[in-house]
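Trainee:
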Amino acid sequence: SAGGYTTLCALTFTDVFAAGASYYGVADAETLATDTHKFESRYLDGLIGPYPEARALYRQRSPVDYTDRLSCPVILFQGLEDKIVPPSQAEAMVEAMRAKGLPFAYLAYEGEQHGFRRAENIRRSLEAELYFYGRVFGFEPADSIEPVDIENM
105 SAGGYTTLCA LTFTDVFAAG ASYYGVADAE TLATDTHKFE SRYLDGLIGP YPEARALYRQ
165 RSPVDYTDRL SCPVILFQGL EDKIVPPSQA EAMVEAMRAK GLPFAYLAYE GEQHGFRRAE
225 NIRRSLEAEL YFYGRVFGFE PADSIEPVDI ENM
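Note that my numbering gives residue 193 to position 89 of the sequence shown, counting from 1, and the numbers run on in steps of one.
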């Protein structure tokens, strides 16, 4: 989640990257503050500020609100049973990128939570990421890899 959030922030708030991959990343900090499970519900208070008092800061640090600054392809990976970073986080980013016409891929995994556990899903996500980068940067992976649907590319 922190790595996915860092990726989305780096891609949204800078223009130094040509592509990125987000694994179960936070796209909307404010929504996460209200939608995550009880154990994580106050986690962002120490990183951003107490919610709802620091609501404006939560909005400023939510990549989904700044997709107008995003200019590169993104692939998102999400476990559909994730209670820490719910699928709605990735889905919000997907809808924002779709509306802007940006190239993206979204792979959602049934039965997976926060962090993939099944070997076949770990393998598929890594192969999908390699395939995605191959398409973005114009190279052919050495092994045969199942294609990934990349919208707007």
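Note that CB positions come from ideal geometry on N, CA and C, so glycine has one too. Values in this document were obtained by computation on a predicted structure and should not be read as measured data.
Report yes or no: do the region 213-222 and the region 192-199 share at least 3 C-beta pairs separated by less than 8 Å?
Mentor: No contact exists between the region 213-222 and the region 192-199.
Trainee: Does any CB atom of chain B fall closer than 8 Å to the CB of Glu-224?
Mentor: Any reference to chain B falls outside this structure, which holds one protein chain only.
Trainee: With Phe-181 as the anchor, note down where its beta strand (DSSP E) starts and where it stops.
Mentor: 178-183 is the extent of the beta strand (DSSP E) around Phe-181.
Trainee: Going by alpha carbons, who is nearest to Cys-113 out of Arg-173, Leu-234 and Tyr-155?
Mentor: Per the Cα distances, Arg-173.
Trainee: Under 8 Å: do the region 227-240 and the region 119-131 share three or more Cβ pairs, one atom per stretch?
Mentor: The answer is yes - the region 119-131 touches the region 227-240, with three or more Cβ pairs under 8 Å.
Trainee: Quick one: what does DSSP say Ala-212 is sitting in, helix, strand or coil?
Mentor: In the structure shown, Ala-212 sits in a strand (DSSP, three-state: E or B).
Trainee: Tell whether a beta-carbon distance below 8 Å holds between Pro-167 and Ala-131.
Mentor: It is a contact, given that the beta carbons lie within the stated cut-off.
Trainee: Is the beta carbon of Leu-206 less than 8 Å from the beta carbon of Asn-256?
Mentor: Yes, they are a contact pair.
Trainee: Note down the Cα distance separating Pro-251 from Arg-165, rounded to an integer number of angstroms.
Mentor: For Pro-251 and Arg-165, the distance between alpha carbons rounds to 33 Å.
Trainee: Taking DSSP as the reference, what is the three-state secondary structure of Gly-205?
Mentor: In this structure, Gly-205 counts as coil in the three-state DSSP scheme.
Trainee: Measuring straight from C-alpha to C-alpha, what distance separates Pro-156 and Arg-222?
Mentor: Whole-angstrom Cα-Cα distance: 37 Å.
Trainee: For the candidate residues Pro-177, Phe-220 and Asp-139, whose alpha-carbon lies nearest to that of Leu-115?
Mentor: Ranking Pro-177, Phe-220 and Asp-139 by Cα distance to Leu-115 puts Pro-177 first.
Trainee: Comparing alpha-carbon positions, which option in Ala-203, Ala-137 and Phe-243 lies nearest Thr-171?
Mentor: The residue with the shortest Cα to Cα distance from Thr-171 is Ala-203.
Trainee: Taking all protein chains shown into account, decide if Leu-136 is buried (16 or more other Cβ within 10 angstroms of its Cβ) or exposed.
Mentor: Label assigned to Leu-136: buried.
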